[in-house]
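In the working numbering, the protein residues as written are 182 to 804. Even glycine gets a Cβ: it sits at the ideal position worked out from N, Cα and C. Model, not experiment: these values are computed from the prediction. Down below is the structure, laid out as structure tokens.
Right, here's the structure in full:
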């Protein structure tokens, strides 16, 4: 019997189990890959793009608003407003929080509402990463329209509206180079506005609160608030009435005598307070970039770089920053040194013999007198009355360089005056004492071949009018904390006793003789009423340096009254082109016209009872 082979049947249950394992494996692999991708994405967001996303998230939750501090006002000595701030709105936009898809739309809308070029806004939106100013001094109607449009949007515009302040100068050009102006960010850029910016600007405050995606503040959310500290008010020593008188006559003189420009300073010698400080031509603080009357004649022919240079020059307080050769006005300093050191007495007849020139030993070329025939024999007082150069060359050589430089330093010519305005040079420009020769020392005795600032000159002259005491010039009288009302007043700063009271009185008397008998008589003659005032003065005419294009500088220094002086006035006229160019011819009458209005305004009593002025001087003598 044969045996049958028995075949074991296939187990159908195992087949589906095998398929299930494959599917499970595939699912697991897919999940694993998905997890890896998720981890990579999370890592990218956290590590690489995390800071950017965090900034966006925070910006959409936190509303930070700057609370602008109100800039302090500037007043003159009488309380008249010279600079004031007023509330306004500024529009800013932040490229980081402006959604990319809407930037063009936002720029176009800003252009439509604010009346500005949308293309420039869009270009800056695409280029800049920081918040920038779109418009300032925006009218209320436009601000309300913009706010309404922002509230309706369902995306982040990046636009913020901030209440701020803008600056106004009610007197426009009055004392413009002294006051200066502010920039678009309300920061002082020139003049008092810059020099005292830390006091005027105050400290901005800040408000931080939560907002939702539509930029609306979330109710009942926690808010932090830091109040703004408003800027201090400043009261200047300048009197707007005196300033106006000075500017009016300075402008008239510059135009009448065809000068390039003019400078005037008025100072109270006992306190150092600047009563007026003027430049002509000047500019309008409210429209600082517009060329003045002189520049407008050539403005279109200038390159952009030249226009910038001319603007900077136009804005500069030249009485503080510029140096010039003082000319014969400086003879009062040489006289003071000689009298103080007992080198020369003022009224000894025939002390000098002017033949029309003086030749320094060892020099080939003589130093000429403006009167070619010479003044003959004269005392020191006569030499000052006549503004005789040879006499002062001889006197300067007797004094010597060491003593001269000692007093130049004491009078303040080798350092800053300390006035609180930017741009003052560190020192006048003199020959080094170890290099100066006798010829140069001789010319220095009558104020040539060195340069000082007009402010240095009037400060030194004021020491003579102030019993020999040098005081620091002052242009800010007080500051007021506008939040508390506390007032801080700046007192007079005496620097040193330069010469004795006796010497100062003698030099002042000699200056009075210059007006009553000498080259300075035009400060009173021909001006009705001026003969009755006690006035001392000194003319100055510095000549062009050979080989240069520099013009004459005509000047006059006046003090009134001669005793108990209330005002010292320095008038400088640069590069006159008319027939008359001497200080006695053009600067003296200009000073006289100014004083004729200033002295009655100040309540100065008449003190010179002479019925007339005796003078035998010719036109050539008016130095």
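- As far as DSSP is concerned, residue 379 takes part in no beta bridge.
- Per DSSP, the beta bridge partners of residue 256 are 262, 416.
- Remark: C-beta atoms of residue 411 and residue 383 approach each other more closely than 8 Å.
- By the beta-carbon neighbour count (other beta carbons within 10 angstroms, threshold 16), residue 328 is exposed.
- DSSP places residue 541 in the coil class of the three-state scheme, outside both helix and strand.
- For the 8 Å CB-CB criterion, residue 366 and residue 312 do not form a contact.
- A residue is called buried when at least 16 other Cβ atoms come within 10 angstroms of its Cβ; residue 804 meets this threshold and is buried.
- DSSP places residue 343 inside the beta strand (DSSP E), whose first and last residues are 340 to 349.
- A distance below 8 Å separates the beta carbons of residue 765 and residue 703.
- Burial is judged here by how many other beta carbons sit within 10 angstroms of a residue's own beta carbon; residue 271 has at least 16 and is buried.
- When the Cα atoms are used, residue 524 and residue 581 turn out to be separated by approximately 11 Å.
- Judged by their CB atoms, residue 678 and residue 453 are not nearer to each other than the 8 Å cut-off.
- In the three-state reduction of the DSSP assignment, residue 627 falls in the coil class.
- Excluding residues up to 5 positions away in sequence, 284, 285, 288 lie with their Cβ nearer than 7 Å to the Cβ of residue 303 in the same chain.
- According to DSSP, residue 272 shares a beta bridge with 316, 342.
- Per the DSSP secondary-structure output, residue 675 pairs in a beta bridge with 652.
- Within the segment 573 to 607, the complete alpha helix (DSSP H) runs of at least 4 residues fall at 582 to 591.
- With distances taken between CA atoms, residue 477 lies nearest to 495 out of 495, 613, 665, 358.
- Its chain contains 562, 566 as the residues whose beta carbon lies nearer than 6 Å to that of residue 694, once the 5 sequence neighbours on both sides are disregarded; these appear in chain order.
- By the criterion of a C-beta distance shorter than 7 Å, residue 778 is surrounded in its chain by 426, once the five residues flanking it on both sides are discounted.
- Taking 4 residues as the shortest admissible run, the segment 496 to 541 contains the following complete alpha helix (DSSP H) segments, listed from N- to C-terminal end: 499 to 502, 512 to 521.
- Secondary structure note for residue 640: its alpha helix (DSSP H) is the uninterrupted segment 635 to 646.
- Under a 10 Å Cβ-count criterion, residue 368 is classified as exposed, with fewer than 16 other Cβ atoms of the shown protein chains found around its own Cβ.
- Here residue 634 is actually not in contact with residue 667; their C-beta atoms are around 34 Å apart, not less than 8 Å.
- Each of 611, 549, 658, 446 was checked against the Cα of residue 256, and the nearest Cα belongs to 658.
- A contact between stretches requires three or more CB pairs, one per stretch, nearer than 8 Å, and the segment 738 to 753 meets this requirement with the segment 635 to 653.
- If you ignore the 5 residues before and after residue 701, its C-beta comes within less than 6 Å of the C-beta of 695, 718, 720, 769, all in its own chain and listed in chain order.
- In the structure shown, the three-state DSSP call for residue 406 is strand.
- For the pair residue 520 and residue 684, the Cα-to-Cα distance works out to about 6 Å.
- For residue 659, the beta-bridge partners assigned by DSSP are 416, 670.
- Between residue 506 and residue 723, the beta carbon gap of about 4 Å places them in contact (Cβ cut-off 8 Å).
- With fewer than 16 other Cβ atoms from the protein chains shown falling within 10 Å of its own Cβ, residue 332 counts as exposed.
- A distance below 8 Å separates the beta carbons of residue 431 and residue 445.
- Cα atoms of residue 374 and residue 620: separation of roughly 44 Å, rounded to the nearest angstrom.
- Taking every protein chain shown into account, the CB of residue 428 has 16 or more other CB atoms within 10 angstroms, so this residue is buried.
- Between the alpha carbons of residue 527 and residue 378 lies a gap of roughly 49 Å.
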